[in-house]
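Here is the structure we will look at, set down as structure tokens.
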Amino acid sequence: MDVGICIAGGVEELERVDIDMLHDIGIGSLFVGCYENEMRWHAEEMAAFVRSAASAGFEVCIVPWGYGKVVDPDPAIDSLYVDTHREQLQIDSRGRRCHKACPNNPGFLEWFASQMRTTAWMLEAHGFLWDEPSFYYSRGTWACRCEYCQRLFYAAENYQMPRDLNEHVRTFRRFSIVMFVLAAAAAVQAVDPRLYSLVMPSPTLDTTQDNTGTADWSQLIECSAVDGLALYVPWQEREAEPAQAIKELYSLASRGQKTTNKPCHIWIAASPRPQDRVVENLLSAHEAGVPRVVLTDYTTIFRAPGADRFISRLQDAIARVSE
Ligand SMILES: [Zn+2]
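Okay, so the sequence shown: first residue is -2 according to this note's numbering, each after it adds one.
In structure tokens, the structure reads:
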């Protein structure tokens, strides 16, 4: 099993990342957060970091954050594009603009693809992770009812898009997200056809309620542009038993594949605190047959109190699961 780490702190954090230490403890892959607003001014620093990590032998995967906030789990991450292109934002079922661009808006799609091509060209990474591409949903209010979505829905279903989130609308949203991922993957592969694309669906242990457009993983994983899934295990939020949650989520992902056998790896929140159970969770994932675990993130693990003592425990655990 490979153990990776997410570096989410932006350019400022990259300067402090101890590449040699990560190498010594057995980390094999780096998932580097790449922020829209930072890339405007700090692309060179990002590129230098990715280059040094790749030449040190790490697999480097870029995680674009911001960028119209279609791929963006964290509402706190800003997007200058969202601030300056109100007319391209999703419209919710109450007629309001959301802080998220619409993945069906042609203007946004063109800008996003061109940004990803530039990013792929500047940062010589191994792949990209599309983190929770989604439509807006909050307490029964959903998006998107913009003119493009309405038009596409009518073309697909032959009736006006309804006000309620019925099965046809859910299907339409899932299909739209798959098309968005196809466009994103095509953009980076236009630069280098070897660049892989992973998708992280919205984290859930219950896939019966698809509110964001990504809860049906089978459609995502069967998509030709997707090379694998990354699944965040929300055991802390759900008060689930972590070993059980890891096992369930992983078998759910494997069962979701009807005609493919693409790798699904998992993400777990990590820190030196005993209640985060990092070592136990690594062992459970290994036991469940998970090919890779990504620990999130560098700051919460290595810049936390107790990090010095934790490093050797983590190193031992990685040695055990890497055998
Ligand atoms: Zn729309």
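Glycine included, each C-beta is placed from N, C-alpha and C at the ideal position. On a predicted model such as this, the values are computed, not experimentally measured, just so you know.
{"Asked": "ALA182: first and last residue of the uninterrupted alpha helix (DSSP H) it sits in", "Found": "164 to 188"}
{"Asked": "Beta-carbon proximity check, CYS220 vs VAL185, cutoff 8 Å", "Found": "no"}
{"Asked": "Burial state of MET158 (16 or more Cβ within 10 Å)", "Found": "buried"}
{"Asked": "TRP208: CB within 7 Å of a non-hydrogen atom of ligand 1", "Found": "For the record, residue 208 in the displayed sequence is Asn; it is not Trp. Answer for ASN208: no, Cβ out of range of ligand 1."}
{"Asked": "Nearest-angstrom Cβ-Cβ length linking LEU263 and VAL230, presumed shorter than 8 Å", "Found": "It should be noted that the sequence gives Ile, not Leu, for residue 263. Their Cβ separation, rounded to whole angstroms, is 6 Å, which keeps ILE263 and VAL230 in contact under 8 Å."}
{"Asked": "Check: TYR145 C-beta below 7 Å from any heavy atom of ligand 1", "Found": "yes"}
{"Asked": "Inter-residue spacing [alpha-carbon to alpha-carbon] between ALA240 and SER194", "Found": "27 Å"}
{"Asked": "4 or more residues per run - each alpha helix (DSSP H) lying fully within the region 68 to 128", "Found": "77 to 81, 103 to 119"}
{"Asked": "Three-pair Cβ contact test at 8 Å for the region 253 to 270 versus the region 301 to 308", "Found": "yes"}
{"Asked": "Per DSSP, cross-strand counterpart(s) of VAL47", "Found": "For VAL47, which the question treats as bridged, DSSP gives no partner whatsoever."}
{"Asked": "beta-carbon CYS95 near ligand 1 non-hydrogen atom, thresh 7 Å", "Found": "no"}
{"Asked": "Nearest-angstrom Cα separation, counted from VAL166 out to LYS259", "Found": "28 Å"}
{"Asked": "Bounding residues of the beta strand (DSSP E) (the contiguous stretch that carries ARG289)", "Found": "289 to 293"}
{"Asked": "Distance between ILE265 and TYR78 (C-alpha atoms, nearest Å)", "Found": "30 Å"}
{"Asked": "Length of the line joining the Cα atoms of SER199 and ARG13", "Found": "30 Å"}
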